[in-house]
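Asker: I am attaching a structure below and will ask some questions about it afterwards.
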Amino acid sequence: IPRPARTLEPTWTLDPVQDGEREVTLRRVGAEQAVALLYHTPAGPAADSAAFGAVLNALTDTPNGRLHKRLVEAGKARNVFGYGFGLAEPGYLVIGSLLRPTDDLAAARKILLDSVEGLAAEPITAAELKRAQQKAANDFEQTMNDPQNFAIAISESISQGDWRLFFLDRDRTKNLKLDDVNRVAKTWLKPSNRTLGQFVPTEKPDRVPNPQKVDVAATMKDFKGGKAIAAGEAFEATPANIDARTQRFTLPSGLKVALLPKKTRGETVNLQWQAHFGNEANLKGQRLAAQFAANMLMRGTTKHTRAQIADLADAQHATIGVRGNAFAVHADVETRREHLADTLALLAEVLREPAFPAEEFEQLKHQETGKLEADSKEPNAIAGRALTRYLYPRSPDDPRYTATFDEAIAAVGALKLDDVKRFYSEFHGGNNAELAIVGDFDAAAVKAQVTRLFDGWKSKAAYQRVPSPMSEAKATTLTAETPDKANALTQGTLPLPLQDTDADYPALLAAAEVLGQNQFDNRLIARLRIKDGLSYGAGGNLWASQFEPSGGFGFYAIYAPQNRAKVEAGFHEEIQRFARDGINAEELASAKKAYASGVADSWPQGGFEAGMLTDVQQIDRRMDYYTNLHKAVADLTLDQVNAAIRKWIKPENVVWSQAGDFTKTDNKAAVAAPASK
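Residues in the sequence shown are numbered consecutively from -15, following our numbering.
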């Protein structure tokens, strides 16, 4: 028989280790019950493969096997069986039993599990090993004496990679040591590696109906549409148009309000509220109480429970989200014109009349603790927290402090409801706040209602924005081990003394699009994902403060831990090339297009506009800032962008943080990578 001309398709990956028990039950007409266990095993050529034959014989041999005695001889099953498949790749071992319909399946299942997975406590004996070796020797002789069986056996060995494996297995079985047999049993026959299958004879299986194809044309023949959705107006969401249409006023108590009435699709209305509180001195030690005070607002008021608030919001076709941190509380709302008055009243109730129910407080603590515990094992959260702690070292009572996971969990456990109530009473108010409403509404009616709902509500505590200066941290690489995690994460931050009013800010926005910010076309993803095939996702982003020279350039990549060194090398080479050579004309054109597309996509959205209006009110900025910014990006020259890159992008100043299961991989340090710390 000539050798085939074709070649077998290579197997690129192997199945990962099974992590936990699996079970399947089949119920249909049948005359007997069955229960079986399947365990993954090494490939056939592996040195330990021969030991499985001895284990199978000790368990399933008739009449000497343990399962035969415990199930068949005891009258609990009709028979027992076992077989193993040694394959070119990892194989499997099956051990099971067939039972009469009147036999106790649950009892047989327990005996089967206890006998197989109890081998660690009840090891194979020397007598059982000797019996298995003798049987294997007899089987070998019989195979050699039967040309047909010998040909089949040799073909099985060929399929594993070499015909001589048939004879190697003979020798390995002959030389088996008792300790090795029990080691193999203990290593592989365990619950986490087990899949259990059961067949339960059922005279009339309770099945779901058989799915049928649907004639869509017939189904839709008499369909009539519902009420048409209001289309809205053709409003061009440019900064100038938004500025011209927006009505601004300030309540006597200090709340700044911006109203942008316009016809919208579905008569939708978007609202954003943000209230700021405290200062660097009076917020000391209040970080967690401030966070919980904000997160408790939607969990019950003096008039409505949490569930009732959710029902009211649903009835008003509204979504209301409230969140906060140590410095501010934010609310994002979407509703419809006909429900805006009720939704505004509900939001005011949530913000001004919280009840802080004790059971909701304990539930929130439990949820927050669980999230922290989960994050403490995840590479993304670990790398990010380590990076923030290094970039911004603070004292633990500073409201800007980033706690370790252990510190955060302990702080949540120690937090008292009275602390949260006290913080709310002292710090919350509407005098240092901004409110923006965008969409289909009557401006005069809304202005009157906002005045009634919020005027006179003031915080008792003095307010001055807590500064957030640029990080002065020196370049380093932080590394954290996250055992048994398939993905790793590398994050980097290049601190920059950058404010969004800086003359180079437009040029750096374009540069960021090229290096990492354009989601579909940037240098980092082109290198790490497309060219090198290392990263599932990679990129970067630029940020700059509205208040002070404090910004940065961030980088990230998600990858398999064994690729860490290559990812490090890719990052350093691309950032070095970017800083050294800048970008080209084609990249600049693409960056301008991507930036303009982002503006065109986001600015017409009511939620974005509301957020923008609250921000500009906070810093007393007019919308023409954005008109000028968009024009500056559109008018950029290649020389301007490359000059900004040379001035600002210093690869040697990047702080790196990485987390993953690096202990089992050969990760040599990348060339030019900073020293680990």
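The beta carbon of each residue, even a glycine, is placed where N, CA and C say it ideally should be. This structure is a prediction, so every number in the text was calculated from the model and none was measured.
Considering only the beta carbon of each residue, do Leu478 and Lys634 sit closer than 8 Å?
Answerer: As a working mapping, residue 478 is identified with position 494 in the sequence shown. As a working mapping, residue 634 is identified with position 650 in the sequence shown. Going by C-beta atoms, Leu478 is nearer than 8 Å to Lys634.
Asker: Let me know if Ser534 comes out buried or exposed under the rule of 16 or more other beta-carbons within 10 Å of its beta-carbon.
Answerer: Taking the first residue of the sequence shown as position 1, residue 534 is located at position 550. Per the 10 Å Cβ criterion, buried.
Asker: Express the C-alpha separation of Thr466 and Asn506 in angstroms, rounding to a whole number.
Answerer: Indexing the sequence shown from 1 puts residue 506 at position 522. Indexing the sequence shown from 1 puts residue 466 at position 482. Each residue's alpha carbon lies about 29 Å from the other.
Asker: Buried or exposed for Thr157, going by 16 or more other Cβ atoms inside 10 Å?
Answerer: Start at 1 with the first residue of the sequence shown, and residue 157 comes out as number 173. Classification of Thr157: buried, given that the 10 Å Cβ count is 16 or more.
Asker: Got a sec, what are the start and stop residues for the beta strand (DSSP E) Pro245 sits in?
Answerer: For the purposes of this step, residue 245 is taken as residue 261 along the sequence shown, with counting starting at 1. Pro245 -> beta strand (DSSP E) spans 240 to 245.
Asker: Using only the alpha-carbon positions, how far apart do Ile603 and Lys240 sit?
Answerer: Locating residue 603 in the sequence shown gives position 619, counting from the first residue. Locating residue 240 in the sequence shown gives position 256, counting from the first residue. Near 11 Å, if we compare the C-alpha coordinates of Lys240 and Ile603.
Asker: Under 8 Å, do Tyr489 and Ala528 count as touching if we go by C-beta distance?
Answerer: Taking the sequence shown and counting its residues from 1, one reaches residue 489 at position 505. Taking the sequence shown and counting its residues from 1, one reaches residue 528 at position 544. It is a contact, given that the beta carbons lie within the stated cut-off.
Asker: Within 10 angstroms of the Cβ of Ser176, are there 16 or more other Cβ atoms? Answer buried if so, exposed if not.
Answerer: On the sequence shown, residue 176 is found 192 positions in, with the first residue counted as 1. By the neighbour-count rule (16 or more Cβ atoms within 10 Å), Ser176 is not buried but exposed.
Asker: Is it right to say Gln642 is buried, meaning 16 or more other beta carbons lie within 10 angstroms of its own, or is it exposed?
Answerer: Sequence index remark: in the sequence shown, residue 642 carries index 658 (1-based). Flag for Gln642 reads buried.
Asker: So, with DSSP's three-state summary, where would you put Thr171?
Answerer: Sequence index remark: in the sequence shown, residue 171 carries index 187 (1-based). In the structure shown, Thr171 sits in a helix (DSSP, three-state: H, G or I).
Asker: Is Tyr447 helix, strand or coil when you go by DSSP?
Answerer: Your numbering for residue 447 matches position 463 in the sequence shown. If DSSP states are grouped into helix, strand and coil, Tyr447 belongs with coil.
Asker: From the DSSP secondary-structure annotation, give me the bridge partner or partners of Ala522.
Answerer: Counting from one through the sequence shown, the residue named residue 522 turns up at place 538. Looking at the DSSP assignment, Ala522 forms a beta bridge with Ala541.
Asker: Grouping DSSP H, G and I as helix and E and B as strand, with all else coil, what is Ser143?
Answerer: In the sequence shown, the residue the question calls residue 143 occupies position 159. Reduced to three states, the DSSP call for Ser143 is helix.
Asker: Where does Tyr67 land, buried or exposed, given buried means 16+ other C-beta within 10 angstroms?
Answerer: For the purposes of this step, residue 67 is taken as residue 83 along the sequence shown, with counting starting at 1. Exposed, since its Cβ has fewer than 16 Cβ neighbours within 10 Å.
Asker: Using 8 Å as the cut-off, can you tell me whether the region 577 to 594 makes contact with the region 531 to 549, which would need three or more C-beta pairs spanning the two stretches below that distance?
Answerer: Counting Cβ pairs under 8 Å, fewer than three are found: no touch.
Asker: For the region 622 to 636 against the region 551 to 568, are there 3 or more C-beta pairs whose distance is under 8 Å?
Answerer: Cβ pair count under 8 Å is three or more, so yes.
Asker: Buried or exposed: where does Val655 fall if 16 or more other Cβ atoms within 10 Å of its Cβ makes it buried?
Answerer: Residue mapping note: residue 655 aligns to position 671 of the sequence shown, counting from 1. Since pLDDT at Val655 reaches only 33, below the 50 mark, its modelled position is unreliable, and the value read off the structure follows with that caveat. With fewer than 16 other Cβ atoms within 10 Å, it is exposed.
Asker: Among Arg154, Asn225, Ala105, Thr463, which residue has its Cα nearest to the Cα of Trp587?
Answerer: Indexing the sequence shown from 1 puts residue 587 at position 603. Checking every option, the nearest Cα to that of Trp587 belongs to Asn225.
Asker: By a C-beta neighbour count over all protein chains shown, 10 Å radius and 16 as the cutoff for buried, is Thr(-5) buried or exposed?
Answerer: Position 11 of the sequence shown holds residue -5. The residue in question, Thr(-5), is exposed, as its Cβ has fewer than 16 Cβ neighbours within 10 Å.
Asker: Are there three or more Cβ pairs, one per stretch, closer than 8 Å when the region 90 to 101 is compared with the region 54 to 67?
Answerer: As far as the Cβ criterion goes, the region 90 to 101 touches the region 54 to 67, which means the pair count is three or higher.
Asker: So Asn63 is in the beta strand (DSSP E); what residue range does that whole segment cover?
Answerer: Counting from one through the sequence shown, the residue named residue 63 turns up at place 79. 63 to 69 is the extent of the beta strand (DSSP E) around Asn63.
Asker: Check each candidate in Leu473, Arg6, Ala575, Ala464 and name the one with the smallest Cα separation from Gln503.
Answerer: Here residue 503 refers to the residue found at position 519 when the sequence shown is read from its first residue. It is Ala575 whose Cα lies nearest to the Cα of Gln503.
Asker: Measuring CB atoms only, is the region 250 to 257 touching the region 309 to 323, in the sense that at least three cross pairs come out at less than 8 Å?
Answerer: Yes, the region 250 to 257 is in contact with the region 309 to 323.
Asker: If you draw a straight line from the C-alpha of Lys661 to the C-alpha of Val638, how long is it?
Answerer: Taking the first residue of the sequence shown as 1, we reach residue 661 at position 677. Taking the first residue of the sequence shown as 1, we reach residue 638 at position 654. Any reading at Lys661 must be qualified, since the residue scores a pLDDT of 33, below 50, and its modelled position is unreliable; no value is offered.
Asker: Taking the alpha helix (DSSP H) that Gly590 falls in, what are its first and last residues?
Answerer: Against the sequence shown, residue 590 aligns to sequence position 606. Element bounds for Gly590: 590 to 602.
Asker: Check each candidate in Arg373, Val19, Asp403, Ala110 and name the one with the smallest Cα separation from Lys94.
Answerer: As a first step, residue 94 must be located in the sequence shown, where it is residue number 110. Measuring from the Cα of Lys94, the nearest candidate turns out to be Val19.
Asker: Checking 8 Å against the spacing of the C-beta atoms, do Thr598 and Ala420 come in under that value?
Answerer: On the sequence shown, residue 598 is found 614 positions in, with the first residue counted as 1. On the sequence shown, residue 420 is found 436 positions in, with the first residue counted as 1. Closer than 8 Å, so yes.
Asker: As a quick exercise: from Val198, Asn122, Pro85, Asp199, pick the residue whose alpha carbon is nearest that of Phe183.
Answerer: The residue you call residue 183 lines up with position 199 of the sequence shown. It is Pro85 whose Cα lies nearest to the Cα of Phe183.
Asker: For Asn159, count the other beta carbons within 10 Å of its own beta carbon; 16 or more makes it buried, fewer makes it exposed. Which is it?
Answerer: Counting from 1 along the sequence shown, the entry for residue 159 is found at position 175. When all chains shown are included, Asn159 counts as exposed.
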